[in-house]
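Residue numbers (our numbering): 6 to 334.
The C-beta atom is built at its ideal place from N, Cα and C for all residues, glycine as well.
Everything numeric in this text was worked out from a predicted model, so none of it was measured.
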Amino acid sequence: MSRPRATRHFFRFSLRLLLILTVIAGCVLAPIANRARRQRIAVAEVVRLKGGVLYDLGSHHGPKSPWYVTLMGFDVWADVIGVDLEGAHVNDLSPLRSFKKLSELHLDETAVTDLGPLQELTCLKKLYIEHAPVSDLSPLASLTNLEKLKIWSAPVTDLSPFKDLTALKELDISDAPVSDLSPLADLTSLKELLLTDTQVNDLSVLRGLKNLGCLVVRNSPVHDLSPLRGLRGLYQLNVSGTNVSDLSALGDLTALDTLVASNTRIKDLSPLKEMRKLRELYVSHTDVFDLSPLRGLPFLVDLQAVGTPVTDEEAESLRKAVPRCIIER
Numbered sequence: 006m007s008r009p010r011a012t013r014h015f016f017r018f019s020l021r022l023l024l025i026l027t028v029i030a031g032c033v034l035a036p037i038a039n040r041a042r043r044q045r046i047a048v049a050e051v052v053r054l055k056g057g058v059l060y061d062l063g064s065h066h067g068p069k070s071p072w073y074v075t076l077m078g079f080d081v082w083a084d085v086i087g088v089d090l091e092g093a094h095v096n097d098l099s100p101l102r103s104f105k106k107l108s109e110l111h112l113d114e115t116a117v118t119d120l121g122p123l124q125e126l127t128c129l130k131k132l133y134i135e136h137a138p139v140s141d142l143s144p145l146a147s148l149t150n151l152e153k154l155k156i157w158s159a160p161v162t163d164l165s166p167f168k169d170l171t172a173l174k175e176l177d178i179s180d181a182p183v184s185d186l187s188p189l190a191d192l193t194s195l196k197e198l199l200l201t202d203t204q205v206n207d208l209s210v211l212r213g214l215k216n217l218g219c220l221v222v223r224n225s226p227v228h229d230l231s232p233l234r235g236l237r238g239l240y241q242l243n244v245s246g247t248n249v250s251d252l253s254a255l256g257d258l259t260a261l262d263t264l265v266a267s268n269t270r271i272k273d274l275s276p277l278k279e280m281r282k283l284r285e286l287y288v289s290h291t292d293v294f295d296l297s298p299l300r301g302l303p304f305l306v307d308l309q310a311v312g313t314p315v316t317d318e319e320a321e322s323l324r325k326a327v328p329r330c331i332i333e334r
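Structure (structure tokens):
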């Protein structure tokens with residue numbers, strides 16, 4: 006009697022398993038494919054505008070891309086983290102919405118007026134806008150990871166969108182009609198604040214910014230430096246082209262390394278006599294005439310006093326006291 010044939014389920018089971026795995030793989034890979042497709046389209050638009058992109062290649066980075074990256078394309082394996090549109094003929098930023106991991110963006114010399122598409126790019130850490138007709142900064146209010154922001158030659162007046170950007174470490178606003186700094190009051194992480202060619206005349210809001218190390222208020226109507234009195238970490242200060250006439254508020258800022266006060270109304274340098282770390286001092290085109298307060302500053306290496314009433318005798322006396330100091334008159 007012949008033995009009954011065993012029923013075989015192996016092939017049917019494998020087919021079912023393969024189908025299940027295919028469905029699972031599709032569910033997992035579909036979002037990746039969709040993200041890659043959207044990113045690829047956005048990258049193509051940036052390239053069409055003659056811009057550049059930077060991918061976060063991570064472990065895929067090297068002198069030569071791995072075969073699987075070359076085969077499937079960067080957009081499958083890596084996110085775009087940098088975009089440079091400097092000089093591009095662009096006014097619509099909506100394609101950038103596809104770059105969810107974007108951390109650095111350059112919009113210099115563009116025709117951009119609407120920053121709305123940027124409000125979704127919450128990974129942005131560095132943003133540069135120079136010579137662009139941007140006036141409304143409200144879309145930046147949601148970019149709470151921003152660490153560096155540069156806005157040059159733009160018709161910006163309102164800084165209120167910055168009030169919650171507490172991660173900001175470097176802020177550069179130049180050639181803009183900004184006058185009110187009050188929105189910066191809580192930005193205690195700020196280390197560099199550059200305000201050149203603005204309408205700022207009141208620095209009182211800076212009193213609480215104890216981490217500030219570099220401050221530039223060049224070519225502005227500032228006249229009172231007393232709000233800086235407690236900023237003991239300040240190592241670089243530029244007040245050139247302002248209405249400042251009195252440096253006494255700086256007397257306790259003994260960490261100062263560089264002080265630029267050219268084209269101001271100052272006469273008296275005695276508040277600087279305890280600044281023993283001072284290396285560079287610029288007082289050209291002022292009424293400074295007495296250099297004796299500088300004789301005890303051993304690290305002073307550069308003094309520019311062009312267009313001042315400093316005499317030859319006064320300059321020679323300083324040279325003898327601080328031999329390393331180069332004096333330009």
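**OP:** Kindly list the residues whose CB is nearer than 8 Å to the CB of R324, restricted to its own chain and excluding five residues on each side of it in sequence; keep chain order.
**Re:** Here residue 324 refers to the residue found at position 319 of the sequence shown. Cβ within range, chain order: C330 and I332.
Subject >> Nearest-angstrom beta carbon gap, L107 and L126 [assumed within contact, 8 Å] >> reply: What you label residue 126 is simply residue 121 of the sequence shown in a count that begins at 1. What you label residue 107 is simply residue 102 of the sequence shown in a count that begins at 1. Indeed they touch by this definition, with Cβ atoms about 5 Å apart.
**OP:** Could you name each continuous beta strand (DSSP E) segment of 3 residues or more that falls completely within the region 258-312, going from the start of the chain to the end?
**Re:** 263-265, 285-287 and 307-309
Original post:
For the candidate residues S158, A181 and T149, whose alpha-carbon lies nearest to that of F167?
Top reply: Counted from its first residue, the sequence shown places residue 167 at position 162. Of the candidates S158, A181 and T149, the one whose C-alpha sits nearest the C-alpha of F167 is T149.
Original post:
DSSP state of D89, grouped into three classes?
Top reply: On the sequence shown, residue 89 is found 84 positions in, with the first residue counted as 1. In the structure shown, D89 sits in a strand (DSSP, three-state: E or B).
Subject >> Proximity below 8 Å, CB of A83 to CB of Y60 >> reply: Stepping through the sequence shown from its first residue, residue 83 is reached at position 78. Stepping through the sequence shown from its first residue, residue 60 is reached at position 55. Yes; because the gap between Cβ atoms is below 8 Å, this pair is in contact.
Original post:
Based on the DSSP secondary-structure assignment, which residues constitute the bridge partners of K153?
Top reply: Counting from 1 along the sequence shown, the entry for residue 153 is found at position 148. K153 is bridged to K131 and E175.
**OP:** May I ask which residues mark the beginning and end of the alpha helix (DSSP H) holding E114?
**Re:** By 1-based counting over the sequence shown, the position of residue 114 is 109. That residue, E114, is in no alpha helix (DSSP H); it is neither H nor E in DSSP.
**OP:** Report back the beta-carbon spacing between A190 and I156 to the nearest angstrom; my notes put them in contact at under 8 Å.
**Re:** Position 185 of the sequence shown, counted from the start, is the residue given in the question as residue 190. Position 151 of the sequence shown, counted from the start, is the residue given in the question as residue 156. With 8 Å as the limit, A190 and I156 do not qualify as a contact, their Cβ atoms being about 19 Å apart.
Original post:
Expressed to the nearest angstrom, what Euclidean distance is found between the alpha-carbon atoms of T259 and Q44?
Top reply: Within the sequence shown, numbered from 1, the residue matching residue 259 stands at position 254. Within the sequence shown, numbered from 1, the residue matching residue 44 stands at position 39. Between T259 and Q44, the C-alpha separation is close to 51 Å.
**OP:** Please report how far the alpha carbon of L296 lies from the alpha carbon of G235, in whole angstroms.
**Re:** The residue labelled residue 296 in the question sits at position 291 within the sequence shown. The residue labelled residue 235 in the question sits at position 230 within the sequence shown. Each residue's alpha carbon lies about 26 Å from the other.
**OP:** Report yes if the C-beta distance between F304 and L274 is below 8 Å; otherwise report no.
**Re:** Position 299 of the sequence shown, counting from 1, holds the residue named residue 304. Position 269 of the sequence shown, counting from 1, holds the residue named residue 274. The answer is no: Cβ separation not under 8 Å.
Subject >> Close beta carbons around A172, own chain, < 7 Å, minus the five adjacent residues each side >> reply: Here the question's residue 172 lines up with position 167 in the sequence shown. So the qualifying residues of the chain are T149, N150, L151, E152 and S194.
**OP:** List the DSSP bridge partners of T316.
**Re:** Along the sequence shown, read from residue 1 onward, the residue named residue 316 stands at position 311. Bridge partners of T316: none, in fact.
Original post:
Buried or exposed: P314, going by 16 or more other Cβ atoms within 10 Å of its Cβ?
Top reply: Taking the sequence shown and counting its residues from 1, the one referred to as residue 314 is at position 309. So P314 counts as exposed.
**OP:** Could you tell me if H94 is buried or exposed, where buried requires 16 or more neighbouring beta carbons within 10 angstroms of its beta carbon?
**Re:** Residue mapping note: residue 94 aligns to position 89 of the sequence shown, counting from 1. H94 should be labelled exposed.
Original post:
Around the Cβ of E321, are there at least 16 other Cβ atoms within 10 angstroms (buried) or fewer (exposed)?
Top reply: As a position in the sequence shown, residue 321 is number 316, starting the count at 1. Exposed, because fewer than 16 other Cβ atoms sit within 10 Å of the Cβ of E321.
Original post:
By Cβ distance below 6 Å, which residues in the same chain neighbour R223 in space, the five residues on each side in sequence not counted?
Top reply: Position 218 of the sequence shown, counting from 1, holds the residue named residue 223. Closer than 6 Å at Cβ, skipping near neighbours: T201, N243, S245 and G246.
Original post:
Over what stretch of residues does the beta strand (DSSP E) that includes T201 continue unbroken?
Top reply: The sequence position of residue 201 within the sequence shown is 196, counting from 1. T201 -> beta strand (DSSP E) spans E197 to T201.
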